[in-house]
């Protein structure tokens, strides 16, 4: 038992070292990039924090960005934690947003039913789009990384094409300005902070984090989901229906991604707009990777991610630092934490001994 405990302690220590080193590395690189643009890194950070928390309106804008970061992060976590490489969150989000926009415009219901109906319609659309790569994997043994990746482009272009049909206009128009009609007021989420896009979507997102955490922590279903991700052969021997569980994982991940699309429509845009996502699906994948596929850690990382997204826009307006610098730093952080430093240290140690 002591050996097991010692091994777990060593793993935890290496994880802490990995995150500390990665953070320090990206801070140094980020500082160099900011200095290269002729600005002080401390000044850039001040403007980021000012943009995120400088006023009630800024706080509302930050909450607006935190919400989709949580949801896409959870969608990715559900898949990755169970060994399913769902890279199609962006596409599932688009179909969810489109379904919510149509339901919100064409269906007329009392507010509570209308809001719920939009959320469920979006979740169902995300599930259906996630069903395609799941079936291709289970029936034709096609790698889900390839299918989900390609389906992202199909989803973005197909929803754009369907929007042309709904609007009854020529496809020669400006796709960036293309949108469906506004949804009914009864389909809109309740606004939490006046004159901002902070909505009750943040409450839905946080509630979902708690539910997913409890499912994995306290239920048999959660145990089976983790077993499929850790060792499918062992899970099969233990009586878990791996095929059924794999399908359920894909559908649940797609549902949450679709839900995120719905909240973007109901809480922020009020309609489906072509190219609206700003790579939220890919943000979720990076958030899940940084969080180590832990639902509670996803919440923490998503908050930081949302602060950076909201603050970087203000930073760009106030100084000469391009907001893409922040995106580059985020991507580099993901790259650094994916490195197995323990194995790397062992390799250098062996070379030193041989040398």
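In this note's numbering, the protein residues as written are 4 to 358. Ideal Cβ placement from N, Cα and C applies to all residues, glycine included. For clarity, every value in this text was computed on a predicted model and none was experimentally measured.
Buried or exposed by the 16-neighbour rule on C-beta atoms within 10 Å, applied to residue i
| i | result |
| --- | --- |
| residue 349 | exposed |
| residue 263 | buried |
| residue 111 | exposed |
| residue 289 | buried |
| residue 336 | buried |
| residue 155 | buried |
Separation of residue j from residue i, as counted between CA atoms
| i | j | result |
| --- | --- | --- |
| residue 260 | residue 73 | 10 Å |
| residue 236 | residue 258 | 27 Å |
| residue 11 | residue 287 | Any reading at residue 11 must be qualified, since the residue scores a pLDDT of 49, below 50, and its modelled position is unreliable; no value is offered. |
| residue 196 | residue 204 | 12 Å |
| residue 4 | residue 211 | Only weak support is given to the placement of residue 4: the predicted model assigns it a pLDDT of 47, under 50, and the question is left unresolved by the model. |
| residue 59 | residue 271 | 17 Å |
| residue 40 | residue 321 | 13 Å |
| residue 317 | residue 267 | 21 Å |
| residue 91 | residue 242 | 29 Å |
| residue 421 | residue 347 | Absent from the structure is residue 421, since the part of the chain shown begins at 4 and ends at 358. |
| residue 344 | residue 232 | 23 Å |
| residue 297 | residue 79 | 11 Å |
| residue 230 | residue 253 | 15 Å |
| residue 144 | residue 247 | 15 Å |
| residue 340 | residue 304 | 14 Å |
| residue 137 | residue 19 | 35 Å |
| residue 299 | residue 213 | 8 Å |
| residue 278 | residue 159 | 7 Å |
| residue 125 | residue 87 | 21 Å |
Reference residue i, options the options, closest by Cα
| i | options | result |
| --- | --- | --- |
| residue 65 | 323, 313, 327 | 313 |
| residue 162 | 93, 111, 79, 290 | 93 |
| residue 274 | 15, 138, 234, 97 | 97 |
| residue 30 | 20, 45, 19 | 45 |
| residue 319 | 17, 32, 48, 167 | 48 |
| residue 75 | 315, 130, 51, 291 | 291 |
Start and end residues, alpha helix (DSSP H) containing residue i
| i | result |
| --- | --- |
| residue 148 | 147-170 |
| residue 1 | Residue 1 lies beyond the residue range present for the chain, which begins at 4 and ends at 358; the question has no answer from this structure. |
| residue 328 | 327-340 |
| residue 184 | Counting along the chain, residue 184 falls outside any alpha helix (DSSP H), and DSSP gives it neither H nor E. |
| residue 259 | 245-267 |
| residue 236 | 235-240 |
| residue 284 | 283-293 |
| residue 103 | 92-109 |
| residue 309 | 298-321 |
> Between the segment 116-127 and the segment 186-193, are three or more C-beta pairs nearer than 8 Å?
Replying inline: Contact holds: three or more Cβ-Cβ distances are below 8 Å.
>> Does the segment 296-311 come into contact with the segment 17-28, if we say contact requires no fewer than three beta-carbon pairs (one atom in each stretch) closer than 8 Å?
In response: With the cut-off at 8 Å, the segment 296-311 and the segment 17-28 do not touch.
> Looking at C-beta atoms only, is the number of pairs between the segment 83-90 and the segment 265-283 that lie closer than 8 Å three or more?
Replying inline: Taking 8 Å as the limit for Cβ pairs, the verdict is that the segment 265-283 does not touch the segment 83-90.
>> With three or more beta-carbon pairs closer than 8 Å as the criterion, would you say the segment 31-40 touches the segment 329-348?
In response: Yes, the segment 31-40 touches the segment 329-348.
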